[in-house]
Every structure is written in structure tokens, then in C-alpha cells.
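Encoded structure:
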């Protein structure tokens, strides 16, 4: 019986790793090639926020590490920047969820999605500025351009919209999630 359990675990891990690789390749090849502003949709971050808030923090950490490292291969930022940023976003969102947003509701997901996107953008700007100051990056034009600042706004809109659609899809499939207001009376 243990052989079958071990084989099942191997297939589960392999399946999740393959899904992450395909998701990152879709993000890096297809979404990045879309016209502005659709190319600012960050599918990996949206799914990471959903996993962190709705599913499981431990799985979210693995997803953040693995997807971040693969995304770093396709990024013009210094290697490790996206992985560290995604890990920090996951950890901060988990702390906020555990201490302030205790239910897995639609509104918690939307608010934490907004916070997660803002933290992600802020951390990327900070890390790239630090690399620039330390001489490890060439320039900051990519992050300081006017179209990029508007693009960050579009990223937030797309991410929250996708999270809402994903939540409603999961909500219709099961009763684990709640999409109602909390009644104080």
C-alpha cells in the first residue's frame, strides 16, 4: 500500500509542478505579448493571492517560490527578485488574513487582492531601485515611465477582476466559500 501512496504523491507533486511551469510559460509568452494594457495582467500573482487567501498558505509558499524562480528566467530584473517578491507578498498576505480577515469571503479576497498587488508593485520598485543604487541594474526607466505607472493600475484592475471570477467559479462548485456581507445584527 505504501508504494501506491508514494507513487500518488510523486504524481501529485509532478502534476502541480507541471501546472506551474505551464502557467508561467503562458504568462511569459502569451500574456506578455498582448497589446497594452492587457499585457499588464499578472496571472501568476492573481492565482498566488487566490491560493494564499482561499486554499493553503503552505501550497502558496511553494507556488510563490517555484513560479518566482521560473519567472525570473524570463525577467529583465536581477535573478531572484520576483521569487523574493512573491514570497514576501505571500507571507504578508497570510499575516493579514490570519489577523484581520478571518473569513474566506469575496470581500476579503478582493481587499487582500488589492493589498497584494500594491505590495507586489511596491516591493518590485524598491528592489529594482536598490539594485540600481548598488550598481547591479542599468537603469530605472522601465519602472518610472508614465505608461508603466498606468500599467500598474491596469494590473490591479485585471488581478482583482480575475480573482472575483475565480472566486465565483469556485463558489458555484462548492459551499466552502461565502460571498455575502457579514451581518452585524
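Numbering (the numbering used here), first residue to last: -4 to 180. We put the beta carbon where it would ideally sit given N, CA and C, even for glycine. Predicted model, so just to flag it, every value in this text is computed and none were measured.
| Item | Value |
| --- | --- |
| Which listed residue (88, 119, 18 and 130) has its alpha carbon closest to that of residue 105 | 88 |
| Those residues which DSSP pairs with residue 103 across a bridge | Bridge partners of residue 103: none, in fact. |
| Among 67, 126, 32 and 21, nearest to residue 38 - alpha-carbon criterion | 21 |
| Own chain partners of residue 3 with C-beta closer than 7 Å, once the 5 adjacent residues on each side are dropped | none |
| Candidates 98, 9 and 83: closest to residue 43 by CA position | 83 |
| Given 8 Å, three or more beta-carbon pairs between the stretch 92 to 99 and the stretch 54 to 70 | no |
| Supposed contact pair residue 155 and residue 119 - C-beta distance, whole angstroms, cut 8 Å | Not a contact, Cβ separation roughly 18 Å. |
| Test item: CB-CB of residue 48 and residue 103 under 9 Å | yes |
| Simplified DSSP assignment, three categories, for residue 47 | helix |
| Residue 149, DSSP secondary structure in three states | helix |
| Distance, residue 55 Cα to residue 176 Cα | Bear in mind that a pLDDT of 45 at residue 176, under 50, signals an unreliable position, so the number given afterwards is only what the model happens to contain. Distance between the alpha carbons of residue 176 and residue 55 is about 26 Å. |
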